[in-house]
Every structure is written in C-alpha cells, then in structure tokens.
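S.K.:
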Amino acid sequence: MKREVLTTEQLVVVARELPEWAIVADGLERIFEFGDFVKAFSFMTAVAMHCERLDHHPEWSNVYGTVRVRLTTHDRTGITDLDVAMAELMESLAYA
Ligand code: H2B
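Numbering (our numbering), first residue to last: 2 to 97.
1) Give the C-beta separation of residue 45 and residue 63 to the nearest angstrom, bearing in mind that I take them to be a contact with Cβ-Cβ under 8 Å.
2) What did DSSP end up calling residue 31 once you bin it into helix, strand or coil?
3) Quick one: which unbroken beta strand (DSSP E) runs of 3-plus residues sit fully inside the region 13–79? Chain order, please.
4) May I ask you to report which of helix, strand or coil DSSP gives residue 97?
5) Quick one: what's got a C-beta closer than 6 Å to residue 65's C-beta in the same chain, skipping five residues either side?
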C-alpha cells in the first residue's frame, strides 16, 4: 500500500500529540536518554523487532546511554502514518 505524506494540518496534530519529537526536514526526530548503555541497547533491540514486523526502520545512532532517532519514509520523501506509528511505539517502549 502506498503511504501518503501527512499534510501540514496533520503534522500540527502530530506535533501536539508527540511533544518530545521535532519535525526536522521531512522527518520526526527525538533524542532518548537512558541511564546507561544496557538500557539504551535494550530499547533498540525491542524496537528492532517491530521494525521488521512493520518493514519500517529508523535512522538512529547510539552513544552509551543516548539514542538519537530520525523517522522518515524514504520512498515518499516525507512523514507518513508509519513514522507516527513508529514514534508512538518508541514512546511506549522507551521507559516502560
Ligand atoms: N524504513 C523507512 N524508515 N522508510 C522507508 O521508506 C523504508 C524503510 N522502506 N524500511 C522499506 C524498508 C523498503 O526499503 C523495503 C523495500 O520495503
């Protein structure tokens, strides 16, 4: 199914519902801070299982307890509902 890039009006709602996330150059970005490397990497491992299930993968990097994330839909060059779903998923898994 072809995903549609969200409209400006839809992005306003997303920004309100995901206040920790910034909309940057057609993507959603957030920095997660965990206390240590094991917590950060455990989070990434949990998220990775869902990435495969959803066939949607973040651009991310990890330095010790910090995980920097960028979500965008490459084949649409913008933010789609899949990026929002992934951001919501990360929120639910981050500090559970
Ligand atoms: N992840 C993200 N973030 N955006 C995509 O457009 C994307 C992806 N496309 N994961 C998928 C894989 C695509 O390359 C495969 C072929 O379905």
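C-beta: ideal position from N, C-alpha, C; glycine also.
M.R.: Reading from the atomic positions:
1) Indexing the sequence shown from 1 puts residue 45 at position 44. Indexing the sequence shown from 1 puts residue 63 at position 62. The Cβ separation is near 6 Å, so the contact holds.
2) The sequence position of residue 31 within the sequence shown is 30, counting from 1. The answer is strand: DSSP assigns residue 31 an E or B state.
3) 23–25, 28–34, 60–64, 67–72
4) Taking the first residue of the sequence shown as 1, we reach residue 97 at position 96. Residue 97 falls in the coil class under three-state DSSP.
5) By one-based count along the sequence shown, residue 65 stands at place 64. Hits under 6 Å: 38.
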